[in-house]
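S.K.: Pasting in a structure now, in structure tokens, and then I'll have a few things to ask.
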Amino acid sequence: MRGFWGLHFIILLSAATAAAEPAYMGPIPMKNHHPLYVSLLYPSPESALTAQSFRWRIDVNHTNIYLYNGGKRWLAAIDRELTEADVNLSVPITPGKLEVGFNAAVYGSSEGFLDGLIRWWHGRLGVRGYRGQAETGDYRYEDAIYHDGEKIVSGEKGAMFGDTGLWLKTILHDGEKVKVAGQLLAQAPTGSPNTGTGSSTWEWGGRILASMESESIIAHAGGGVTFPGQLNSGGQGIPMEPMYAGFVALEIPVTGDLHLIGQSMFNTSPLKSADIYQFSREWIEVTLGLKYLIAGGYVASFGLSENLNQTAPDFTFHLSLEHVVFN
Numbered sequence: 156m157r158g159f160w161g162l163h164f165i166i167l168l169s170a171a172t173a174a175a176e177p178a179y180m181g182p183i184p185m186k187n188h189h190p191l192y193v194s195l196l197y198p199s200p201e202s203a204l205t206a207q208s209f210r211w212r213i214d215v216n217h218t219n220i221y222l223y224n225g226g227k228r229w230l231a232a233i234d235r236e237l238t239e240a241d242v243n244l245s246v247p248i249t250p251g252k253l254e255v256g257f258n259a260a261v262y263g264s265s266e267g268f269l270d271g272l273i274r275w276w277h278g279r280l281g282v283r284g285y286r287g288q289a290e291t292g293d294y295r296y297e298d299a300i301y302h303d304g305e306k307i308v309s310g311e312k313g314a315m316f317g318d319t320g321l322w323l324k325t326i327l328h329d330g331e332k333v334k335v336a337g338q339l340l341a342q343a344p345t346g347s348p349n350t351g352t353g354s355s356t357w358e359w360g361g362r363i364l365a366s367m368e369s370e371s372i373i374a375h376a377g378g379g380v381t382f383p384g385q386l387n388s389g390g391q392g393i394p395m396e397p398m399y400a401g402f403v404a405l406e407i408p409v410t411g412d413l414h415l416i417g418q419s420m421f422n423t424s425p426l427k428s429a430d431i432y433q434f435s436r437e438w439i440e441v442t443l444g445l446k447y448l449i450a451g452g453y454v455a456s457f458g459l460s461e462n463l464n465q466t467a468p469d470f471t472f473h474l475s476l477e478h479v480v481f482n
């Protein structure tokens with residue numbers, strides 16, 4: 156798998172030689188659908204730019220998740236597909252300098268349709284599946300997490316509302332080629348902790364975002380800390396540790412309208428004490444995709460994501476449509 160993604164990364168870099176002077180489109184706003192993180196405050200990658208005018212974006216992320224493992228205290232039995240649809244709104248307080256934002260999510264959980272396709276895809280890449288996955292039938296549905304013998308998450312099929320995100324973002328450095336922003340984050344408990352789409356408590360965080368432009372490529376990076384809520388079901392509250400998360404992204408203009416994107420998201424575990432590695436291990440993924448300027452400031456995005464350290468989820472694809480006024 157490393158060779159496959161490395162080849163695509165080289166293709167992305169070589170495309171930069173034919174690029175015109177870039178305009179920012181930003182990273183792909185991929186979501187982390189690891190079973191622990193779905194309900195937690197986990198902001199998507201974005202550039203350091205702030206809104207010049209009212210801006211909206213609609214995201215759809217669809218994920219195949221397979222996770223079966225158990226220890227003395229923890230047990231996860233998850234085989235499902237998850238679709239998340241998000242509406243994101245950004246409102247400038249001072250155009251190009253300070254913005255406030257809002258995010259609302261709806262989740263849909265089902266047996267899905269990707270099992271056979273992913274097995275074929277991973278076979279082409281030479282990627283081994285998760286332990287026991289080959290012996291498991293396709294299109295099954297199971298979604299449960301146990302702690303000390305008690306079921307604390309019991310996912311349900313169908314549509315469910317998630318928690319609601321809020322943010323305040325301001326420019327800290329507004330250079331010609333380098334821009335740096337600070338972002339304060341909050342998440343209101345509007346989802347359901349029992350189904351794994353909410354954390355039952357307010358969550359807070361902050362991060363620094365940077366965008367650096369050259370003649371043929373734009374680099375984006377971000378990092379910070381969030382203070383998650385808790386896994387809480389049946390009267391049992393399990394606190395989470397602070398989670399440190401970041402991303403790096405390369406945005407390569409092929410034409411004025413088409414930009415290729417290569418990026419990676421990563422984070423520490425908020426549950427290092429768990430005795431199954433899928434919960435205690437750091438998480439990292441890689442995403443390859445593109446953004447295309449349609450007309451009038453409308454940008455369509457597409458991305459494919461693979462987990463790199465066998466923790467879950469297995470595979471995610473992303474679609475989005477946004478309206479942006481560029482600096």
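So the mapping is simple: my numbering equals the position in the sequence shown, first residue as 1, plus 155.
Backbone N, C-alpha and C define an ideal beta-carbon position, used for all residues, glycine too.
1) Can you tell me where the beta strand (DSSP E) holding Lys382 begins and where it ends?
2) What number of angstroms, rounded off, separates the C-alpha of Thr359 from the C-alpha of Ile449?
3) Hey, how far is the Cα of Ile213 from the Cα of Asp241?
4) Which same chain residues, not among the five before or five after Ser347, have their C-beta less than 8 Å away from its C-beta?
5) Name the residue from Ala336, Ser371, Thr356 and Gln385 whose alpha carbon lies nearest to the alpha carbon of Gly378.
6) What does the alpha-carbon distance come out to for the pair Tyr447 and Leu426?
7) How about Gly263 and Val308: are their beta carbons less than 8 Å apart?
8) Look at the alpha carbon of Pro397 and the alpha carbon of Leu321, and state the distance between them as a whole number of angstroms.
9) In the DSSP output, what is Ile307 paired with across the bridge?
10) Going by the beta-carbon positions, is the gap between Leu327 and Leu339 smaller than 8 Å?
11) Could you check the C-alpha separation between Glu176 and Gly451 for me, to the nearest Å?
12) Alpha helix (DSSP H) containing Phe316: first to last residue?
13) Which parts of the stretch 400 to 442 are runs of the beta strand (DSSP E), unbroken and 3 residues or longer, counting only runs that do not cross its ends?
14) So, do the stretch 400 to 418 and the stretch 226 to 245 have three or more beta carbon pairs nearer to each other than 8 Å?
M.R.: According to the structure data:
1) In the sequence on display, residue 382 carries Phe and not Lys. Segment Ile373 to Phe382, the beta strand (DSSP E) holding Phe382.
2) Before going further, note that residue 359 is Trp rather than Thr in the sequence given. Rounded to the nearest whole angstrom, the C-alpha separation of Trp359 and Ile449 is 35 Å.
3) Those two C-alpha atoms are separated by around 6 Å.
4) Only Met315, Phe316 and Gly353 meet the Cβ criterion.
5) If we check each option's Cα against that of Gly378, Ala336 comes out closest.
6) Cα to Cα, the separation comes out at about 38 Å.
7) In this structure, Val308 does not lie closer than 8 Å to Gly263 by Cβ.
8) Whole-angstrom Cα-Cα distance: 19 Å.
9) None; Ile307 has no bridge partner.
10) No.
11) Unreliable positioning characterises Glu176 in this predicted model, as indicated by a pLDDT of 41, which lies under 50. A coordinate reading is not provided.
12) Counting along the chain, Phe316 falls outside any alpha helix (DSSP H), though it belongs to the beta strand (DSSP E) covering Gly313 to Phe316.
13) Taken in chain order, the whole beta strand (DSSP E) runs of length 3 or more contained in the stretch 400 to 442 are 413 to 422.
14) No contact exists between the stretch 400 to 418 and the stretch 226 to 245.
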